[in-house]
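Q:
In the numbering used here, the protein residues as written are 370 to 1595.
#1: What residues are listed by DSSP as bridge partners for residue 1210?
#2: One question on the structure: do residue 1172 and residue 1205 come within less than 8 Å of each other, judged by their Cβ atoms?
#3: Can you tell me which of the three DSSP states residue 1017 falls into?
#4: Using 10 angstroms around the beta-carbon of residue 438, count the other beta-carbons present and answer buried if the total reaches 16, otherwise exposed.
#5: Tell me which residues share the same chain as residue 568 and place their Cβ nearer than 8 Å to its Cβ, disregarding the 5 neighbours each side in the sequence.
#6: Strictly by DSSP, which residues pair up with residue 1052?
#7: Measure the C-alpha to C-alpha separation of residue 964 and residue 585 and round it to an integer number of angstroms.
#8: Considering residue 1231, what are the terminal residues of the beta strand (DSSP E) in which it resides?
#9: Assuming the contact rule is C-beta atoms closer than 8 Å, residue 780 and residue 1040 should be a hit. Round their C-beta distance to whole Å, please.
#10: How do the region 1516-1527 and the region 1458-1467 stand: do at least 3 beta-carbon pairs fall below 8 Å, yes or no?
#11: Can you list, in chain order, the residues of its chain whose CB lies under 6 Å from that of residue 1452, leaving out five sequence neighbours each side?
#12: Could you pull out every unbroken alpha helix (DSSP H) segment of at least 4 residues lying fully inside the region 1527-1562, listed in chain order?
#13: Within 10 Å of its beta-carbon, does residue 1046 have 16 or more other beta-carbons around it, so buried, or fewer, so exposed?
#14: Relative to the alpha-carbon of residue 1257, which residue among 1087, 1137, 1352 has its alpha-carbon at the smallest distance?
#15: Where are the beta strand (DSSP E) runs, 3 residues long or more, that stay fully inside the region 1471-1505, in chain order?
#16: So for residue 622, helix, strand or coil by DSSP?
#17: Between residue 1216 and the rest of its own chain, which residues show a CB-CB distance below 6 Å, the 5 nearest in sequence each way excluded?
#18: Alpha carbon to alpha carbon, how far is residue 1393 from residue 1579? Give it in angstroms, no decimals.
#19: Quick one: any contact between the region 595-613 and the region 633-648, if contact means 3 or more CB pairs under 8 Å?
#20: Whether or not the region 550-563 and the region 714-730 are in contact is what I'm after, with contact meaning three or more pairs of Cβ atoms, one per stretch, closer than 8 Å; do they touch?
#21: Is it right to say residue 1585 is buried, meaning 16 or more other beta carbons lie within 10 angstroms of its own, or is it exposed?
#22: Mind checking residue 1148: buried by the 16 CB within 10 Å criterion, or exposed?
#23: Under 8 Å by Cβ, that's how I've got residue 1245 and residue 1106 pegged, so tell me the actual separation to the nearest angstrom.
#24: Let me confirm a value: residue 938 is counted as buried when at least 16 other C-beta atoms fall within 10 Å, else exposed. Which label applies?
#25: Look up residue 1058 in the DSSP assignment and say whether it is helix, strand or coil.
#26: Could you give the DSSP three-state label for residue 1047: helix, strand or coil?
#27: In this structure, how does DSSP classify residue 919 when only helix, strand and coil are distinguished?
#28: For residue 1228, count neighbouring Cβ atoms within 10 angstroms of its own Cβ and tell me buried if that reaches 16, exposed if not.
#29: Taking the alpha helix (DSSP H) that residue 1597 falls in, what are its first and last residues?
#30: Would the region 1475-1489 and the region 1498-1508 be scored as touching if the rule is three or more Cβ pairs under 8 Å?
#31: What residue does the beta strand (DSSP E) around residue 423 start on, and which one ends it?
#32: Could you give the uninterrupted runs of the beta strand (DSSP E) lying entirely in the region 781-863, keeping only those of 3 residues or more?
#33: Using 10 angstroms around the beta-carbon of residue 382, count the other beta-carbons present and answer buried if the total reaches 16, otherwise exposed.
#34: Checking 8 Å against the spacing of the C-beta atoms, do residue 1284 and residue 1276 come in under that value?
#35: Taking 8 Å as the cut-off, decide whether the C-beta atoms of residue 842 and residue 1042 are in contact.
#36: Give the C-beta separation of residue 1432 and residue 1447 to the nearest angstrom, bearing in mind that I take them to be a contact with Cβ-Cβ under 8 Å.
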C-alpha cells in the first residue's frame, strides 16, 4: 500500500497546482523516485532549467515516516546543490509539500534579475529593529507563513487564479480587505445568525470565525432534540479556521484540493455561548487536526480535546454534537467543490449530486453536465425559513458575484444538520428509503455501514449503558426475539463479523433457540443443506483442557498454531454442563500449550437467571434428565477431552436462517447490562472495547449495530431511581414505561399541522385522543427502525388498510403475546437469556387526531390510514424484572400531579379497565401558537409590533406551525463588544500605517487587563533560574521565524486578558531569540478543582516556569520544552501531565514523530498548558522537594521517554540540550 499511495499522490498533482518555476514532474526509473524541472521565479528565470531528483530512501515507510534524498544534475549551478543540501524538514512530507519546500529554497538561493544573490543576515541581527519591522515586508522570508510550502518570495501559487503569498499579505493590510470581511460577516448577521471571531481576523493572520444560531430556532421537535442530545437553549456553532488569514469565497474556490486543507478548517459544535473562547477554538482544531493527519478519522474519535456529544452538561462550553464527525468531514471535503458548481447555477441538491457523479466517473467539462443537475429543488415548507434560505439564490451580498463564505457554509450545515435523517452519514447521498426516522443512519451500501460503525460516527453505546441501561436491555431483547423467530429482515452485513461456526448437521438448532414448532423442520433443512459449503473450511481441533489452570494442549499438534492471542474460540465437551463455552485466547507463547481467559458459559434458559462471568461447571452426563453435579477441583481430571472451533465463520457467507442462529449465539455471550454498567463505572477509559476477556469483538460490533440502527427515541421513565410522577402514566399497573417518539424530525410539525387543520375544520374542543397499538414482540425490532405503517398484514385487515388502534388496553394486549415451543413441546419465551427485564410483550400509546368519522374504520377499532395523524408517545413493556425493587415500583400506580385533558367519550382504559391519566408535560399543546384562518396552511399570525425582518431572521416558515421563538425563554447570549466593533465601518480618516493601527489597538487593550487571576507579570526573578548555555548558532530564516512568533505572541498578550491566555512571556527579558522563558499560570480558570490549583496555592506559587529552546532547524524540528520550577511527581510517584523525570515535557507533539511545521507557538503553549493540567493523569507537585530542575536530568528524561514510546528524537537535540546549567545575570 505505501507504493500505491506514493504513485497516487504523484499522479494526483496537476500541472496548474505546481509552484511557480516547477515543471515536468515525472516518476523516476526507480521505486520512490521522481524528477522535476526548476526554471526559477518567473520574474527572474534561470538561464537554463535545472533538473532535480528526489528519492525516498525506503518506500515502505511512505507516507508515515519516510525520508527524502535530493540531488541535481551535474550541470546545475553550485548554489543549487548547496541549497538542496541545506533543505530541512522534508521527512514525512507528501510529494506536493516536498516540491513546495524545494521550490521555496531554490527560489531564495537563486540570483535576482540583476544577477545578485541575497546575502545571509549576520548573527548579530538587531532584534529590536526586527520586532518593529512592518509585517508586510516579508519578501526575503521563506517562512513568512505558518506552512513551509507558502514562501513569500517564491510566488508559489495554488492555481492559475491565485495570487502570491506576498500579495495576499499586502491585501490583508488594506482597507478593502477589511471592508470585505465586514461585508461577509454583516451579511451573515442580517440573515439571522450570530457572528463572532477569535484571533487576528482583521490583520490577515490565523483566526477563527464563528457562525451560530439557537437550536430552538431550527424547528426541531423536542423529541428529536432528546434523541440528538441537544438542548433548545444551546447554540449550533460552526467554527471556521483560517490558518493563513481570511479567504473570501472566490479565493477559496480558486484553490485546488491539495491547498484547501492548509487554508481552511471546520468544526461543528454545540455550546451555550454563541462563540468559542480562544482555548476552546485551539482545542477543537489543533489537537484534532494532528490526529486527523496522522491516524485518520478513527483516531480523532479518541483524541478530540473538546467534550463529546454525550457530555451535555459540561458547564455550557464547546462540545461536539452527535454528528459532528461526519459533518466536519463533509464540510472539509465537499463544501468548496460544491460551491464551484453552485456558482454556475446549480441548486444545493444539483451541486451535491454532480459532486458525487463527477467523483465516481472522474473530471468532466462543465458543458457536459446533464440538465437534471440544474433543476430547481422543492422547498420543505415544514422547515423554518432560516433553514430553507439560500444565499446563492437570493444574492444577499452587496455585489452579485461576491458571496459571504461563512453564510454559505452555515446554510450548507443547516441543510445537513436539520435534515440529517434525509442523508447517509457516510457518503452523504440522499436516502432513497421511505422510512421516516428520528435519528440519522446510513444508506444500504455495506461499505457505508462498515465505516459508520468503525470510524466512530455512530452513537456511544457506553453512554447509553451508563445513563439508560434498561433501554439497552430492551433493544437487545427486541432484536433477540425477532432473530429467534426468524422475523429479522435487515442483517448486520458489511461489518466483517467473524462468528462461531454453525453446525451443518442442524442437530443443535432446536436446542439453541426456542422457535415456533411448525418452523423447526424448515430451519433444520436450511441449516443442514445450505450451510455445508460455508462451514467446510471451519476446522475442529481436539485438545485437552485444564479447567484449573485455564490451559489447553493439542493432542495432535498442527504444524502451525491455529489461533493467536486475542482469538475467540468455542469449546464443546461432554463434561460441559451447558454444552459449550466461549473464551478468548490469552497467550500462545508456549504452543502447543495455550493459555485461555475465563470462559463464558451459556445461561440455562429454563431458569432465566442473569449471567455474568460464570464459574466453570461440568456435567457427569449430557443425557436429558440425567442428574448433574459440580466437580470440585480435586476431583476434576487434569485434562478434559474437548474440541474447539475458532471464530472464523464469515457472517456474510451464511444463509438468513444461519445468520439468525449466529446472532443469537453472539448475544448469548454478552453479559447483562448491569454487569456492563458496573464495568464502565469502575474503569477508565469507559469503553467496552477494553473488556477484551469478556466480550468478543463480534459480539461488541453486533451490540453497536443494534444500538446504532435504532432510529426511534426511547427514554426511561422507570429505572433504578424513584419513579417520576411527572412522566408516568397512571392506569397501567405492572407495566414498565418508556417515553417513545418515532418519525422524521419534522414529523411532530406535520402532526401538529394536521391536528390544527382538523380542529379548525371540525371545531373540536379536544383535538386529539389516545389509543393503544399492540404488536407481537418480534415486530418491535422492525417498528423502532421503520415506524408505524401498514405494509405488512400479520393479523388480517378485516376493517381495511391502516394502523389499528384500540380504546381498551386489554384488546391490544391480545395481539402482543404469542407463545413459542421448545423441542419438548413446553410453552416458553424466546427472550434474551441475560435480560434483566425479561420482556414478555410491548404495546404503544399513540396520540391521534380526534376525527373517528374520517378514519378507515372507527368501530370496533380505530383504523387510521393517514400516518400524519399518528404520533407515538409511550411504550409500555410487560416484563418480569430480576430486580425486586424495580418490580415493586412497577406495581405502584399514582396519578400525575397535572394531567392532560382528554375527550370524556374516548378516554382510553388501562389493564384493569380503569381510565388512563396522561401527564400534561408529555403532550405538546396544540393551541399554544396563534394561527390564521388560511385553509390547509397552518399560517402563524404575526404578533403586533414584530417586524417582518425579525420574522424572516428568527422564526419558522410561513407555513410552519411551530412558534419557534415563543417557546424559547432562555436569555440570549450577550454579544462580545469586540464582535460588535468588528462590524462597524472604519472612519474615513484612516491611520497612516498599520503600525499606527497596531499601536492604537494596543492602547485600547493594555496588558493591565489581567482578568480573574492572581498572577502578577514581572515578579519572576530571572537571575535565580538554572538555564542551558546560550546558543551560539543563528540561521537567518529561523531567526526571522522566531522573531515573528514573538511579535505575534506579544500582540496576543496585549489584546487578551492574562486569565484567558494562561501563559506569559516577558519579551524584554529575552536576549536570545532561540531561548525563551515562559510562565504558565491561572490553572483555576480551566478547572478550580484541579489538584495542581490547590497544590500551587498551598506552596504560594503563582506560575510554572518553562524554558523553551529552539534548534537551528526550527520550524522543521520541534522546540524543546522543560520545566525549570517547581518540581513535579514522576509517573511512578503518581504524577503525570507529560512531565517526565527530570522536568522535560515529553509529548508526541514535541518530538520529530508528531511535530508539524505548521504548528504555531501559540498553539504549542496552549497544548502544553492543557497537557499539564487536563491529561489523565494530571501533573502533581512534589510538595516535599525543594530546588529547581537541572538541565542534564531533563534531557536524560526526554531521551528515555522518546525511546519508550518509539518517538524520534530531533536531530541536533543532544548538542543543544546537554551541558552544564548556569545562572543568568540581569
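Beta carbons: idealized from backbone N, C-alpha and C, even for Gly.
A: A quick look at the data gives this:
#1: 1247
#2: no
#3: coil
#4: exposed
#5: 574, 575, 576, 577, 647, 650
#6: Partner(s): none; residue 1052 has no beta bridge.
#7: 57 Å
#8: 1231-1233
#9: About 46 Å separates the two Cβ atoms, so there is no contact after all.
#10: no
#11: 1459, 1461, 1462, 1542
#12: 1530-1543
#13: buried
#14: 1087
#15: 1473-1478, 1489-1494
#16: helix
#17: 1137, 1139, 1240, 1242
#18: 29 Å
#19: yes
#20: no
#21: buried
#22: buried
#23: 6 Å
#24: buried
#25: helix
#26: helix
#27: coil
#28: exposed
#29: Here the chain comprises residues numbered 370 to 1595, so residue 1597 is not present and cannot be evaluated.
#30: no
#31: 419-425
#32: none
#33: buried
#34: yes
#35: yes
#36: 6 Å
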